[in-house]
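Asks: Handing you this structure, nothing more for now.
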Amino acid sequence: MEPAVSGLWIRGPGGEATGIPVPPARRGMAQRVVDLLTRSGPLDRRSLVAQLVVSRPVLARAVTQLLDAAVLIEDTPAPTAGHRGRPTSTLRVNPASAYTIGVHLGTRHVRGVLLDAGGSVAVRRERPRPAEGGLAAATEAVEDLVETLEQGCPGRLLGVGAALSGSVLRTGAPASPSPAVAASLAEVLAGPGGRPVVVDTEGHLAAYAEWRVGAAVGAASFVYLRLHSDVSGAMIINGEHVRGDHGRVGEFGHVATGGERSGAVCTCGQRGCLETRVSIPAVLSAVTPVLGPPVTLDGLVAAVASGEPEALAVVVAAGHEVGRFLGTLCSAVDPARCVVGGAMLRLGEPLLEAVRDGFATSVVPHRQGIPVLAASLDRFGAARGAATLVFDASFDGLLETAR
5 MEPAVSGLWI RGPGGEATGI PVPPARRGMA QRVVDLLTRS GPLDRRSLVA
55 QLVVSRPVLA RAVTQLLDAA VLIEDTPAPT AGHRGRPTST LRVNPASAYT
105 IGVHLGTRHV RGVLLDAGGS VAVRRERPRP AEGGLAAATE AVEDLVETLE
155 QGCPGRLLGV GAALSGSVLR TGAPASPSPA VAASLAEVLA GPGGRPVVVD
205 TEGHLAAYAE WRVGAAVGAA SFVYLRLHSD VSGAMIINGE HVRGDHGRVG
255 EFGHVATGGE RSGAVCTCGQ RGCLETRVSI PAVLSAVTPV LGPPVTLDGL
305 VAAVASGEPE ALAVVVAAGH EVGRFLGTLC SAVDPARCVV GGAMLRLGEP
355 LLEAVRDGFA TSVVPHRQGI PVLAASLDRF GAARGAATLV FDASFDGLLE
405 TAR
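Numbering of the sequence shown is given in the numbering used here, commencing with residue 5 and proceeding in unit increments.
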């Protein structure tokens with residue numbers, strides 16, 4: 005059975021498939037306890053009550069659940085001479101209580117992480133994506149990487165998440181996410197036992213990672229823009245990962261920022277799209293007359309670092325256009341911050357400062373204070389987002405099967 009909606013694909017242990025997104029804002033108290041302890045380290049119950057702003061009975065129920073499921077470990081210090089009363093115990097996350105796998109099928113590489121319950125990456129692996137064989141070879145590479153990570157998993161594996169680049173999802177009509185591709189990959193990754201699987205776009209899952217453990221932690225609303233071989237992104241508004249009617253919120257690269265459909269033809273079949281001017285291929289094409297063919301991103305990074313004026317001008321122009329788009333978008337959706345990610349960030353401060361300058365010229369005056377930040381996670385960010393989302397989606401089941 006295929007999901008009825010594209011976007012976030014979940015295949016449960018019973019084989020069911022749905023397009024229902026995980027609602028991040030509705031995490032229960034037990035998961036909020038784990039989130040806090042993951043960020044802060046060990047805390048006693050009094051500190052948990054104060055920081056979570058809950059009553060002691062509510063916290064006690066959540067902590068009991070987590071201790072029964074071995075998700076938390078309680079440490080009680082030994083009494084010391086002269087100390088009166090019971091020593092104060094602290095609670096910490098047991099990283100070995102559960103694991104998830106996240107993989108990212110990108111344009112050129114397949115990356116994967118094994119994530120523990122404490123949110124730390126226990127193992128990471130990266131391989132070249134097969135140059136030939138199309139989607140079948142790429143799917144096999146993902147399956148093989150998942151198998152490798154699973155063999156190294158020292159504890160209970162909750163499920164697998166996969167992030168797909170836009171180029172993977174384009175079948176038939178350009179830039180059209182294919183339900184069949186996502187559902188087929190979910191079927192493969194579920195395995196014979198039908199373990200939980202989520203499949204989503206790299207833009208959505210990289211954004212999810214930045215929101216949970218990266219540059220957007222603590223922001224109820226933020227916009228993520230990924231500048232890579234294509235231009236994608238995501239929005240989280242009031243704690244909800246916004247997806248739209250067909251799961252396609254974040255296709256920012258196909259906005260006609262110039263107001264008219266002219267210029268190079270985009271992968272979506274139209275002209276004038278943002279992606280045709282600020283993606284890596286577009287910027288490299290624009291700088292080729294300056295640096296000469298063949299131009300690579302490495303070469304452009306070196307030229308910008310050396311201060312080559314014409315190459316720098318191309319990068320600054322692209323940054324200004326990105327910033328103007330973000331300013332217009334943020335004027336409409338009112339986020340707490342913007343996060344820019346993708347391989348284009350290797351161009352460093354010249355690009356980021358140009359984005360900020362362009363943003364300042366287009367955002368409404370009363371939103372000038374919205375920070376525009378660089379993504380804090382590395383090239384494994386989308387894989388980490390996939391693994392994190394699986395953990396969040398499987399959390400209630402982890403408690404229900406407490407040993």
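By construction, the Cβ of each residue, glycine as well, lies at the ideal position given by its N, Cα and C atoms.
When we look at the beta-carbon of P339 and count the other beta-carbons within 10 Å, is it buried (16 or more) or exposed?
Replies: P339 should be labelled buried.
Asks: Looking at C-beta atoms only, is the number of pairs between the region 341 to 352 and the region 372 to 384 that lie closer than 8 Å three or more?
Replies: The region 341 to 352 is in contact with the region 372 to 384.
Asks: If I measure Cβ to Cβ from A309 and keep anything under 8 Å in the same chain, skipping five residues before and after, which residues do I get?
Replies: G352
Asks: If you drop the 5 nearest sequence neighbours on each side, which residues of the same chain put their C-beta closer than 8 Å to that of A142?
Replies: Taken in chain order, the residues that qualify are L109, V114, R133, P134, V172.
Asks: Name the residue from P91, P81, V107, A73 whose alpha carbon lies nearest to the alpha carbon of N98.
Replies: Ranked by how close their Cα comes to the Cα of N98, the residues P91, P81, V107, A73 have A73 in first place.
Asks: For A238, which three-state DSSP category applies?
Replies: strand
Asks: Report the option in A391, A386, D400, L333 whose CA atom is closest to the CA atom of V367.
Replies: Selected option, being the one with the closest Cα: L333.
Asks: Counting beta carbon pairs with one atom in the region 243 to 259 and one in the region 197 to 217, are three or more of them shorter than 8 Å?
Replies: yes
Asks: With distances taken between CB atoms, is the gap from A322 to A290 smaller than 9 Å?
Replies: yes
Asks: Suppose only complete runs of 4+ residues qualify. What are the alpha helix (DSSP H) ranges in the region 45 to 84, listed by chain order?
Replies: 49 to 56, 60 to 72
Asks: Restricting to Cα atoms, I'd like to know which of V318, A224, Y103 is closest to L288.
Replies: Distances from the CA of L288 to each of V318, A224, Y103 were compared; the closest alpha carbon is that of V318.
Asks: Where A140 and V192 are concerned, what is the direct C-alpha to C-alpha distance, given to the nearest angstrom?
Replies: Note on geometry: alpha-carbon atoms of A140 and V192 lie some 11 Å from one another.
Asks: Per the DSSP calculation, V117 is bridged to which residue(s)?
Replies: G106, R128, per the DSSP bridge assignment.
Asks: For the structure I just gave you, are there three or more beta carbon pairs, one from the region 391 to 398 and one from the region 155 to 166, closer than 8 Å?
Replies: The region 391 to 398 vs the region 155 to 166: in contact.
Asks: With which residues is R341 paired in a DSSP beta bridge?
Replies: Residue pairing from DSSP places R341 in a beta bridge opposite F226.
Asks: Take the Cβ of H370 as the centre, count every other Cβ of all protein chains shown within 10 Å, and call the residue buried at 16 or more, exposed below.
Replies: Under this definition H370 is an exposed residue.
Asks: Over the uninterrupted beta strand (DSSP E) stretch that includes L168, give me the two end residues.
Replies: 161 to 168
Asks: Name the DSSP bridge partner or partners of T365?
Replies: BP columns for T365 are empty, so no partner.
Asks: Return yes when the Cβ of T68 is within less than 9 Å of the Cβ of G122, no when it is not.
Replies: no
Asks: Kindly indicate which residue of E214, V201, G137 has the alpha-carbon position closest to the one of S225.
Replies: E214
Asks: Sort T94, G138, V150, S101 by Cα distance to L417 and report the nearest one.
Replies: Shown here, the chain extends from 5 to 407; a query on residue 417 therefore has no answer.
Asks: Assign G176 to one of three DSSP states: helix, strand, or coil.
Replies: Residue placement at G176 cannot be trusted, given a pLDDT of 38 that sits under 50; what the coordinates show is reported in the next sentence. G176 falls in the coil class under three-state DSSP.
Asks: What residue does the beta strand (DSSP E) around E244 start on, and which one ends it?
Replies: 244 to 246
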